[in-house]
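K.L.:
Sharing a structure, written as structure tokens. Questions coming.
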Amino acid sequence: MNKAKVLIIPVTAFQQNCMLLWCEATKRAVVVDPGGDLPEVERAIAEADVAVDKIWLTHGHIDHVGGAADLKTRLKVPIEGPNREDLFLLQHVAETARSFGIPDASNVTPDRWLEDGDKVEVGELTFDVLHCPGHSPGSVVYFNRAERLAIVGDVLFAGSVGRTDFPGGDSRQLLKSIRDKLLPLGDDVAIISGHGPTTTIGRERATNPFLQ
Ligand SMILES: [Zn+2]
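So in my numbering, spot 191 of the sequence shown is number 249, and the numbers just go up one at a time.
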């Protein structure tokens, strides 16, 4: 990586990897998956001294989107993603939050739904959108070909794959998404998952027990 800078900010009781991602050339940034703990996210933005243009969401689960509506209001920026198939999750964020004992989470209305093959931009960086259903029906992955970087949400983890026991989950579809969309990106591609450590496509192809 050279132009793309990423700061991982674990948020919420779920230790979700919220990310501040920016273009070093322009200092324009996006916040990916602001699940909550917004004071920490805003502190990271101030410390990095970047200007946030957008919020990107990988999918509609509460730990990834719980702070999205609030952050959108505070920063006055649009929300891009996920795929429209996660609408049913985004319409029930407040209700789901209450059931987990999380206060102050609002339902989320994206300004732009993303389809497979779409492109999203921040500064001089362009990311391809890959629709990767299975963990949730509307999960998307953001892939920067030049920087060899993929932000995969809860599709793929170091040594594991996303859960499929939530509403709309489908284990067969998840493995198909990983095999058809992620593994072909190349072994050198760095993976930032929604939880846990970073990894690479090559390491997961060789060692992930779910992919053998
Ligand atoms: Zn999830």
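Where is the CB? At the ideal position from N, CA and C, for every residue including glycine.
Quick one: give me the first and last residue of the alpha helix (DSSP H) that Ala248 is part of.
P.N.:
Counting from 1 along the sequence shown, the entry for residue 248 is found at position 190. Run containing Ala248: none in the alpha helix (DSSP H); it sits in the beta strand (DSSP E), Ala248 to Ser251.
K.L.:
Could you check where the beta strand (DSSP E) with Lys234 kicks off and where it finishes?
P.N.:
Your numbering for residue 234 matches position 176 in the sequence shown. Not the beta strand (DSSP E): Lys234 falls in the alpha helix (DSSP H), residues Ser229 to Ser235.
K.L.:
Quick one: is the Cβ of His119 within less than 6 Å of any heavy atom of ligand 1?
P.N.:
By 1-based counting over the sequence shown, the position of residue 119 is 61. Flag set: Cβ of His119 near ligand 1.
K.L.:
In whole angstroms, give me the CA-to-CA distance for His122 and Asp212.
P.N.:
The count along the sequence shown starts at 1 and reaches residue 122 at position 64. The count along the sequence shown starts at 1 and reaches residue 212 at position 154. Their Cα atoms are separated by approximately 9 Å.
K.L.:
Rounding to the nearest angstrom, what Cα-Cα distance links Arg132 and Gln270 in this structure?
P.N.:
Here residue 132 refers to the residue found at position 74 of the sequence shown. Here residue 270 refers to the residue found at position 212 of the sequence shown. Rounded to whole angstroms, Arg132 to Gln270 spans 45 Å at the Cα level.
K.L.:
List the DSSP bridge partners of Gly211.
P.N.:
Position 153 of the sequence shown, counting from 1, holds the residue named residue 211. BP columns for Gly211 point to Ser251.
K.L.:
Just checking Asp169 against ligand 1 - is the residue's beta carbon closer than 6 Å to any of the ligand's heavy atoms?
P.N.:
Taking the first residue of the sequence shown as 1, we reach residue 169 at position 111. No, the Cβ of Asp169 stays beyond 6 Å of every heavy atom of ligand 1.
K.L.:
To which residues of the same chain is Gly124 closer than 7 Å at the C-beta, ignoring the five residues directly before and after it?
P.N.:
Taking the first residue of the sequence shown as position 1, residue 124 is located at position 66. Here the set comprises Thr70, Gly93, Gly94, Val151, Ala155, Ile160 and Ala163.
K.L.:
For Ala87, does the three-state DSSP call read helix, strand or coil?
P.N.:
Against the sequence shown, residue 87 aligns to sequence position 29. Three-state DSSP puts Ala87 in a strand.
K.L.:
At the level of alpha carbons, what is the spacing between Arg203 and Lys112?
P.N.:
On the sequence shown, position 145 is the one that residue 203 refers to. On the sequence shown, position 54 is the one that residue 112 refers to. C-alpha separation (whole angstroms): 20 Å.
K.L.:
Identify, in the order they occur along the chain, each residue of the same chain with its Cβ nearer than 7 Å to the Cβ of Val272, setting aside the five sequence neighbours on each side.
P.N.:
For residue 272 there is no data in the structure shown, the boundaries of the chain being 59 and 270.
K.L.:
Since Ile259 sits in a beta bridge, which residues does DSSP pair it with?
P.N.:
Residue mapping note: residue 259 aligns to position 201 of the sequence shown, counting from 1. Partner(s): none; Ile259 has no beta bridge.
K.L.:
The beta strand (DSSP E) spanning Pro68 covers which residue range?
P.N.:
Reading the sequence shown from its first residue, position 10 is the one you call residue 68. Ala62 to Val69 is the extent of the beta strand (DSSP E) around Pro68.
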